[in-house]
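Chemist: As you go down the protein sequences, you meet chains H and G in turn.
Using UniProt numbering, read the first sequence as starting at 1 and increasing by one per residue.
Using UniProt numbering, read the second sequence as starting at 1 and increasing by one per residue.
Idealized CB from N, CA, C, for every residue including glycine.
There are 2 protein chains.
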Amino acid sequence: MENLPLQFESIFSVDCVIFGFDEGELRILLIERNEEPFKGWFALPGNLVDNTESIESAAERILYELTGLKGIFMEQFYTFGALGRHPLGRVITVAYYAMIRLNGQKDVKPVTDYARQAVWMPVKDMPELAFDHSRIFRKSFEKIKNKISYQPIAFELLPEKFTLTQLQNLYEVILDKKLDKRNFRKKMLAYDILKELDEKQKGVSYRAAKLYKFDKRKYAKHFNKELSFSKE
Amino acid sequence: MENLPLQFESIFSVDCVIFGFDEGELRILLIERNEEPFKGWFALPGNLVDNTESIESAAERILYELTGLKGIFMEQFYTFGALGRHPLGRVITVAYYAMIRLNGQKDVKPVTDYARQAVWMPVKDMPELAFDHSRIFRKSFEKIKNKISYQPIAFELLPEKFTLTQLQNLYEVILDKKLDKRNFRKKMLAYDILKELDEKQKGVSYRAAKLYKFDKRKYAKHFNKELSFSKE
DNA sequence: TCAAAAGTGTTTGCCATACACCCATGT
DNA sequence: ACATGGGTGTATGGCAAACACTTTTGA
């Protein structure tokens, strides 16, 4: 650290809020801590950042170590640095979030001893978390709630092929309100970012719904130029 | 720092992007550095954060030391932590922005030797800045450009009493496009967050325009509940 | 045949946009 | 009287919201 004054040194960490959607429920990925402080508590996957790695790669590494997940693109959303947030000293944390496709295989498990287990916790059953992680989670949730209304991030949570009803359910869960079926479909189809498949749902005991795919090409065409759903 | 592993220690700093509006020009507050590295370069006001202060109060303190400004509310917008961003070592920086009313008195001056001078630089004349500050500035500018279209932050830049044309000019400068006068007025007045005063402009050699004030009460009434300009 | 969800259109009001001329004031 | 910006209205198209019934399928 050559010429920089030591009295300013601190420690910083990253914390990750990973959203998943499964069985109609929005979930986030938590670990059960295996070390003091807060041993036995649930916490967001997070740890200290090394001096030789960028924050982004630290986030990727830490997520992998604590949950076994790899190659997840995360977006930074806020940095928390209140004085008392870590009982052992000054730790500033950079928080990231991501939304991922569970695809059924939602088994996650730590590859280090730092966490005892990793679990997909339904958002509605969230316990109080270690440190200020409950606060971090709430902030991330506001963020995606806001973002989903002008960017098509919901697709990242769904399986590759999905029905319009599944998509609508997801919006309803995140926005926490009922939406009108006809209006929702009209609007979604009008955006022209879905690809209708020749396939139908299987294994349901009622009329099977058409399956759709998110069409990245069409999306890029419209929105990389125009920026967003609602803003010119 | 008791039980936390020392090898992870780093240094972190804050940088502030302060927007002002004067003589029809959008400006930001820069300092001329008086210390190596980048001695003599222009930079955002910023410095290292002490271990005993919160990030927010560090931002306030540093802004004061470098520019003499006090009591400015700043909002955090991103944290920059690329490995090579500081030539002397690993420094992560938390970036803040604020928009302030210049009110004519736009004299700023450092109260420490760390900066040789502080200047209000027109955004259109921005030089290349020290460190990665040009990048930080660009990110802050995207942020306010986006934000102004759904939140009434423009008022913070204008004098307390302003004309609709001044307000429109400001929007045009930030959004970098021409707006239609009639539509702009109609829309602004429809939001019902302006208070028309009994006063008129003075000292102009043409028809004097009515003055308006931003009405915080009305604003709170509408928007704290409804969230934003454009979204439901 | 019943239960469950899929699928489908129209009407209404509001909001954004486009567009051009007269007014008031100071010099 | 002229130059400069201040101030004003209307028509159009598109989007959002409200609203209910028929169809398909498996059990």
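#1: Which residue or residues does DSSP assign as beta-bridge partners of I28 of chain G?
#2: If you follow the alpha helix (DSSP H) that L197 of chain G is in, where does it begin and where does it stop?
#3: Do you know offhand how far K124 of chain G's Cα is from D176 of chain G's?
#4: Could you list the residues in the stretch 183-208 of chain G with a C-beta less than 7 Å from some C-beta on chain H, going in chain order?
#5: Which first and last residues belong to the beta strand (DSSP E) in which Y97 of chain H is found?
#6: Decide yes or no for the touch test of the stretch 8-18 of chain G against the stretch 40-53 of chain G: beta carbon pairs closer than 8 Å, at least 3 of them.
#7: Tell me which residues share the same chain as Y171 of chain G and place their Cβ nearer than 8 Å to its Cβ, disregarding the 5 neighbours each side in the sequence.
#8: Can you name the residues of chain G whose CB is closer than 8 Å to the CB of residue 235 of chain H?
#9: For a minimum of 4 consecutive residues, which ranges assigned as the alpha helix (DSSP H) are wholly contained in the stretch 133-211 of chain G?
#10: What did DSSP end up calling I72 of chain H once you bin it into helix, strand or coil?
#11: Between G:R116, G:D15 and G:Y212, which lies nearest to V91 of chain G when the distance is taken from Cα to Cα?
#12: State the Cα-Cα distance for the pair K53 of chain G and G84 of chain H, rounded to the nearest angstrom.
#13: For E35 of chain G, collect the residues of the same chain with a Cβ closer than 7 Å to its Cβ; drop the 5 residues on either side in sequence, then sort them by chain order.
#14: Starting from the beta carbon of I55 of chain H, find every residue of chain G whose beta carbon is closer than 9 Å, and list them in chain order.
#15: For Q76 of chain H, would you say it is in contact with chain G, using Cβ-to-Cβ distances shorter than 8 Å as the test?
#16: Can you tell me where the beta strand (DSSP E) with L48 of chain H in it begins and where it stops?
#17: Within 10 angstroms of its Cβ, does G81 of chain H collect 16 or more other Cβ (buried), or is it exposed?
#18: Beta-carbon of N51 of chain H versus every beta-carbon of chain G: anything under 8 Å?
#19: Quick check: what's the CA-CA separation for H86 of chain H versus L189 of chain H?
#20: Anything in chain H within Cβ reach of F12 of chain G, meaning under 7 Å, just list it in chain order.
#21: Given a threshold of 16 other Cβ atoms within 10 Å of its Cβ, counted over all protein chains shown, does A208 of chain H qualify as buried or as exposed?
#22: Does the separation of the CB atoms of Y97 of chain G and F77 of chain G fall below 8 Å?
#23: Could you give the first and the last residue of the continuous alpha helix (DSSP H) run that contains A59 of chain G?
#24: Pick out whichever of H:K195, H:T93 and H:L164 has its Cα sitting closest to the Cα of I182 of chain H.
#25: With a 10 Å radius around its C-beta and 16 neighbouring C-beta atoms as the bar for buried, classify L30 of chain G as buried or exposed.
#26: Going by DSSP, what residues sit across from K213 of chain G in a beta bridge?
#27: Using the C-alpha atoms, what's the distance from R27 of chain H back to L88 of chain H?
#28: If you drop the 5 nearest sequence neighbours on each side, which residues of the same chain put their C-beta closer than 6 Å to that of L102 of chain G?
#29: Got a sec? Which residues, its chain only, sit under 7 Å from P159 of chain G by beta carbon, not counting five neighbours each side?
#30: Who pairs with E9 of chain G in a beta bridge, going by DSSP?
#31: So what's A115 of chain H in DSSP terms, helix, strand or just coil?
#32: With a CB to CB cut of under 8 Å and the five nearest residues on each side skipped, what residues in its chain are close to Y212 of chain G?
#33: State the CB to CB distance for the pair A130 of chain G and L66 of chain G, rounded to an integer number of angstroms; the pair is presumed to be in contact (CB under 8 Å).
#34: Have a look at G:R116, G:I62 and G:A59 and flag the residue whose alpha-carbon is nearest the alpha-carbon of K39 of chain G.
#35: Report the rounded CA-to-CA distance for A43 of chain H versus K109 of chain H, giving the unit in angstroms.
Modeler: Answer, in terms of the structure:
#1: G:F19 and G:M121
#2: First-last for L197 of chain G: L194 to K200, but that is the beta strand (DSSP E), not the alpha helix (DSSP H).
#3: 11 Å
#4: none
#5: V91 to M99
#6: yes
#7: I148, A154, L179 and F184
#8: Coverage of chain H is limited to positions 1 through 232, which leaves residue 235 of chain H absent and any answer about it impossible.
#9: 133-148, 164-175 and 181-191
#10: coil
#11: G:D15
#12: Note that residue 53 of chain G corresponds to Glu in the displayed sequence, not to Lys. If you take the alpha carbons of E53 of chain G and G84 of chain H, they lie about 10 Å apart.
#13: Y114
#14: T79, F80, G81, A82 and I92
#15: yes
#16: G46 to L48
#17: buried
#18: yes
#19: 47 Å
#20: S10, F12 and I92
#21: exposed
#22: yes
#23: I55 to T67
#24: First, the residue type needs correcting, since residue 182 of chain H is Arg and not Ile in the sequence shown. Comparing Cα positions, the closest option is H:L164.
#25: buried
#26: G:K161 and G:K195
#27: 30 Å
#28: G20 and D22
#29: R101 and N103
#30: H:I11
#31: strand
#32: K161, F162, T163, L164, L167, L194, K195, E196 and L197
#33: That belief does not hold up - the Cβ atoms of A130 of chain G and L66 of chain G are roughly 13 Å apart, past 8 Å.
#34: G:R116
#35: 14 Å
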